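In my numbering, the protein residues as written are 804 to 1098.
In structure tokens:
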């Protein structure tokens, strides 16, 4: 096992532990809601966003307690978005991370409340970071709010829902995914960095370029996998984008050009990290993981 694999497994296991600790116990009233929150958040997922938080934090020697809160907060936002995205009024899916989606395992009303509660919990967890100056905590809370709101993830989801059966240009598709997927990935990177220090304009610019590249690459690879992998491998319903007549990189560019675009974006991400030297090794390795993953 490589040093990167060891590091990744350590972060994933630590994040799982932290997430469990930051959630209410399932025996606390309302027990059904708390059990469903834990069902949605724990025991699955690649934890790409926490990995990005920790990798960016390594650039600036960030405090581990602050990183754990930032990583948990961004993963809670991600999990809430998946719970809502899977509901019948949105993407209407029955499988997530290899198990029934929350509205199937519980019910639609509970799924709606799970998403709401996880979003609130994310900001409670992040705002309680007390190892760094309060002004930087406030900046981190604002960053996560912007990334998950109408100018970020939710805005991208709205565009996605309005785009079913519509032909989009490549530029329109890219804009949608910069918001839907890219905004939260960027937030993960910048939150990790801010856990360590206030960023210079040059540092922030380099991280933004990196995050933009991996954010688009993540979606391009998702589209490729949706078209080529099976449901058991993906842990969610395969081929759903095509079945729902949704625009994707594969539907616009084709399979081979989409793979080529993902590789170009991987190289762009590496280039953006040049100013940080060897300290950015984990971020480079995560760019490779995002592009070369099989699920």
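Idealized CB from N, CA, C, for every residue including glycine. Fair warning: this is a prediction, and the values are worked out from it, not measured in the lab.
Residues near residue 860 in its chain [Cβ-Cβ closer than 6 Å; skip 5 each side]: A distance below 6 Å between beta-carbons, with the five flanking residues on each side excluded, links residue 860 to the following residues of its chain, in chain order: 870, 995, 998 and 999.
Three-state secondary structure assigned by DSSP to residue 885: The three-state secondary structure of residue 885, taken from DSSP, is helix.
Whole-angstrom distance between residue 1076 and residue 887, CA atom to CA atom: C-alpha of residue 887 to C-alpha of residue 1076: approximately 34 Å in a straight line.
Cβ-based neighbour list, residue 1023, same chain, cut-off 6 Å, excluding 5 preceding and 5 following: These residues qualify, in order along the chain: 1052, 1061, 1064 and 1065.
Test: residue 858 CB closer than 8 Å to a CB of chain D: Among the chains in the structure shown there is no chain D, since it carries only a single protein chain.
Status (buried if at least 16 other CB within 10 Å, exposed otherwise) for residue 973: Classification for residue 973: exposed.
Residue 1096 - DSSP class collapsed to helix/strand/coil: Looking at residue 1096 - three-state DSSP - the assignment turns out to be coil, as it is neither helix nor strand.
For residue 899, the three-state DSSP class (helix, strand or coil): In the displayed model, residue 899 falls within a strand according to three-state DSSP.
Cβ-Cβ distance between residue 877 and residue 953 below 8 Å: No, the Cβ-Cβ distance between residue 877 and residue 953 is not below 8 Å.
Straight-line gap, residue 835 to residue 987 (C-alpha atoms, nearest Å): Distance between the alpha carbons of residue 835 and residue 987 is about 28 Å.
Local conformation of residue 948 per DSSP, three classes: Helix.
Short Cβ contact (8 Å threshold) for residue 814 with residue 854: Closer than 8 Å, so yes.
Coil, strand or helix - residue 891 by DSSP: Residue 891: coil per DSSP, three-state reduction.
Given 8 Å, three or more beta-carbon pairs between the segment 1018-1032 and the segment 1067-1084: Touching, yes.
Touch test, the segment 907-916 against the segment 880-897, Cβ-Cβ under 8 Å, three pairs minimum: A contact exists between the segment 907-916 and the segment 880-897.
Supposed close pair residue 875, residue 926 - CB separation, criterion 8 Å: About 11 Å; that fails the 8 Å criterion.
Short Cβ contact (8 Å threshold) for residue 1050 with residue 971: Taking C-beta atoms as the reference points, residue 1050 and residue 971 count as a pair closer than 8 Å.
Cβ shell of residue 979 (< 8 Å), same chain only, five flanking positions each side left out: The residues are 959, 962, 963, 966 and 971.
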